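Residue numbers (full-length UniProt numbering), protein chains in the order written: chain H, 1 to 210; chain P, 1 to 210. Working notes, beginning with the structure itself.
There are 2 protein chains.
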Amino acid sequence: MSGDDGRPGLRERKKQETRIALSWAAIRLVVERGLENVRVEDIAAEAGVAPRTFNNYFSSKGEAIAARHLERTRMIAQELRRRPASEPLWEAITSAVITQLAMGADYDDRRPDQQWQAGIRLMISEPSLQGEMLRASAIAENELAAAIAERTGTDVDHDLYPRLVAGAAGAAIRVAMDQWLRASPPVPVRPLIEDALGRLAAGLPEPRSS
Amino acid sequence: MSGDDGRPGLRERKKQETRIALSWAAIRLVVERGLENVRVEDIAAEAGVAPRTFNNYFSSKGEAIAARHLERTRMIAQELRRRPASEPLWEAITSAVITQLAMGADYDDRRPDQQWQAGIRLMISEPSLQGEMLRASAIAENELAAAIAERTGTDVDHDLYPRLVAGAAGAAIRVAMDQWLRASPPVPVRPLIEDALGRLAAGLPEPRSS
DNA sequence: TCAGGAAATTGCGCGTTCCGCAAATTTGCC
DNA sequence: GGCAAATTTGCGGAACGCGCAATTTCCTGA
Chain H
1 MSGDDGRPGL RERKKQETRI ALSWAAIRLV VERGLENVRV EDIAAEAGVA PRTFNNYFSS
61 KGEAIAARHL ERTRMIAQEL RRRPASEPLW EAITSAVITQ LAMGADYDDR RPDQQWQAGI
121 RLMISEPSLQ GEMLRASAIA ENELAAAIAE RTGTDVDHDL YPRLVAGAAG AAIRVAMDQW
181 LRASPPVPVR PLIEDALGRL AAGLPEPRSS
Chain P
1 MSGDDGRPGL RERKKQETRI ALSWAAIRLV VERGLENVRV EDIAAEAGVA PRTFNNYFSS
61 KGEAIAARHL ERTRMIAQEL RRRPASEPLW EAITSAVITQ LAMGADYDDR RPDQQWQAGI
121 RLMISEPSLQ GEMLRASAIA ENELAAAIAE RTGTDVDHDL YPRLVAGAAG AAIRVAMDQW
181 LRASPPVPVR PLIEDALGRL AAGLPEPRSS
């Protein structure tokens with residue numbers, strides 16, 4: 001085939017597939033049995049590869065579990081770049097977040113996202129996974145900061161602004177997620193995210209009364 | 001089990017001492033040789049305890065290294081509670097943060113801030129330590145959120161406000177720290193932190209010109 | 001179409017980590 | 001001084017993480 005170029009490459013695609021398979025397998029098994037009761041061997045078997053291959057993709061169980069979260073949050077920055085430049089910054093950020101995180105999390109397609117919710121819950125409850133998740137979020141925030149810098153014409157290296165916005169947005173998302181998972185009668189996630197990011201955009205006004 | 005007064009407890013004090021000794025030993029050795037060239041055995045020897053004892057205090061090298069950071073950031077919440085209630089929230093938070101950073105020389109141990117700075121730089125550069133540091137920050141932010149809720153009369157469980165403020169403040173601190181460590185002619189931290197938190201308090205206005 | 005070769009998978013082996021368990025030691029308290 | 005609880009320590013084993021080299025897969029160019 002001619003066309004050398006930015007094509008994903010057939011081989012590369014297969015790698016991504018096994019990568020995703022390993023990640024989902026890890027989440028599924030650990031949600032079922034608990035982190036300590038799942039060996040790397042089990043995850044590899046579930047994904048149909050040799051145990052050694054697992055460590056060709058991830059250096060630990062935690063990294064495999066957080067990989068889905070990483071990919072998903074990374075897309076927020078990507079989505080932000082697609083938004084029209086005319087849109088106000090916070091609106092664009094909110095839309096990007098909603099598009100990537102909240103879509104299908106509540107209604108209709110429950111199957112795939114129920115796993116995702118279980119994954120988030122898992123990463124929050126297991127102490128040894130919290131760091132892994134936060135690190136993934138930090139990576140995503142760096143990319144988000146770059147996108148914000150581009151959009152606002154600021155310098156991501158010398159100006160605090162884009163990183164502040166990205167970091168604050170990331171924190172707001174985590175707070176909204178946490179609240180979402182803790183709601184004892186389940187509530188939709190979207191309003192929570194809009195609320196959290198909206199308050200940031202409004203300058204975090206102190207609530208009059210609770 | 002007689003009077004369990006607020007006494008530190010003679011025994012408890014010794015435990016804290018070895019805990020701190022282990023943590024500093026871990027930081028010092030890893031800064032010198034790199035994470036992969038330091039075994040748990042080395043850290044234990046440096047602190048004067050048996051290898052097995054290390055894992056009675058910490059479950060990993062990373063946790064030991066992040067412990068100093070955790071203790072320090074925890075004190076921000078503690079410091080916030082000491083601030084007069086009349087002081088505006090963001091002023092109080094900024095003062096609390098500044099106080100704890102300036103306190104490094106007196107509180108911990110002999111080596112003042114140079115070790116601490118090296119520790120932070122270490123945790124940022126080593127991928128496997130980033131998560132550990134972020135997790136420590138998250139714990140500190142939870143305590144900060146509780147203190148903020150108390151001060152503002154909000155509910156930390158049902159109102160997003162205190163957690164949003166704590167999370168945003170934590171993000172701002174990390175951005176300021178990052179900038180501090182990257183400054184190629186070294187700059188003082190304090191103005192960076194005041195700048196970052198000040199912008200948050202001002203509602204993150206978009207800068208007019210870079 | 002097919003051979004050459006790069007890329008990925010796999011098996012093996014080793015050093016390290018982390019933790020449960022129980023004996024030994026230390027520490028606090030009466 | 002001596003008992004009881006807490007802490008330290010050594011031992012042992014399961015699991016991990018990764019380097020290395022052989023093997024398999026499959027892309028590519030002639």
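C-beta: ideal position from N, C-alpha, C; glycine also. It should be emphasised that the depicted structure is a prediction, and the values quoted were computed from it without experimental measurement.
In this structure, Arg83 of chain H lies away from Ala77 of chain H, with their beta-carbon atoms at least 8 Å apart.
In terms of beta-carbon proximity, Leu144 of chain H stays away from the interface with chain P, with every pair separated by 8 Å or more. In terms of Cβ geometry, Gln100 of chain P and Ile27 of chain P do not form a close pair [threshold 8 Å].
DSSP, reduced to helix, strand and coil, places Thr154 of chain H outside both helices and strands of the structure shown, so it counts as coil. Of the residues assessed, Val30 of chain H falls on the buried side of the cut-off, its CB having 16 or more other CB atoms within 10 angstroms. Inclusion of Ala166 of chain H and Glu194 of chain H in the CB contact set at 8 Å is not warranted, their separation being larger than that value. Put simply, the backbone Cα of Arg33 of chain P is about 46 Å away from that of Gly198 of chain H. Residues of chain H with a Cβ closer than 8 Å to the Cβ of Arg199 of chain P are, in chain order, Leu160, Tyr161 and Leu164. The beta carbons of Glu132 of chain H and Ile65 of chain H sit closer together than 8 Å. Residue contact check for Ala196 of chain H against chain P: a CB pair falls below 8 Å. With the rule of 3 Cβ pairs closer than 8 Å, the region 148–158 of chain P does not count as touching the region 174–192 of chain P. In the structure shown, the three-state DSSP call for Leu204 of chain H is coil.
Going by beta carbons, Ala201 of chain P and Trp90 of chain P fall inside the 8 Å limit. With respect to Ile139 of chain P, Leu80 of chain P sits apart: the two C-beta atoms are not nearer than 8 Å. Non-local C-beta neighbours of Asp42 of chain P in its own chain, meaning closer than 7 Å and more than five positions away in sequence, comprise Leu29, ordered along the chain.
Relative to Arg68 of chain H, the option among H:Leu122, H:Ala149 and H:Ala147 whose CA is nearest is H:Leu122. Looking at the backbone, the Cα of Pro191 of chain P and that of Gln117 of chain P are separated by about 17 Å. Judged by DSSP secondary structure, Gln78 of chain P falls within the alpha helix (DSSP H) whose first and last residues are Lys61 to Arg82.
Rounded to whole angstroms, the gap between the alpha carbons of Glu87 of chain P and Leu204 of chain P is 21 Å. Taking the Cα of Trp24 of chain P as reference, the smallest distance to any Cα among P:Leu164, P:Ala45, P:Arg135 and P:Gln179 is reached at P:Ala45.
At the C-beta level, Val175 of chain H and Leu144 of chain P stay beyond 8 Å of one another. At least one beta carbon of chain P lies nearer than 8 Å to the beta carbon of Thr152 of chain H. Using a Cβ-Cβ cut-off of 8 Å, Ala147 of chain P does not count as an interface residue toward chain H, since no Cβ of chain H sits closer than that to its own.
At a cut-off of 8 Å between beta carbons, Gly131 of chain H contacts chain P.
With respect to the 8 Å criterion, Val49 of chain P and Thr18 of chain P are classified as neighbours on the basis of their beta carbons.
With respect to chain P, the C-beta atom of Leu22 of chain H has no partner C-beta closer than 8 Å. Any Cβ of chain H closer than 8 Å to the Cβ of Gln115 of chain P would place that residue at the interface, and such an atom is absent.
Contact with chain P is found for Leu89 of chain H, since one of that chain's Cβ atoms lies less than 8 Å from the residue's Cβ. Here the alpha carbons of Ala47 of chain P and Ile120 of chain P stand approximately 21 Å from one another. Every unbroken stretch of the alpha helix (DSSP H) spanning 4 or more residues and falling wholly within the region 107–181 of chain H is given here in chain order: 110–125 and 127–152. Annotation for Leu101 of chain H: no alpha helix (DSSP H) segment contains it, and DSSP assigns it neither H nor E. Within its own chain, the residues whose Cβ lies closer than 6 Å to the Cβ of Tyr161 of chain H, once the five positions on either side in sequence are excluded, are Thr154, listed in chain order. Taking 8 Å as the cut-off, the beta carbon of Arg135 of chain H is found no closer than this to the beta carbon of Leu35 of chain P. Classified as exposed, Ala85 of chain P has fewer than 16 neighbouring CB atoms from the shown chains inside 10 Å of its CB.
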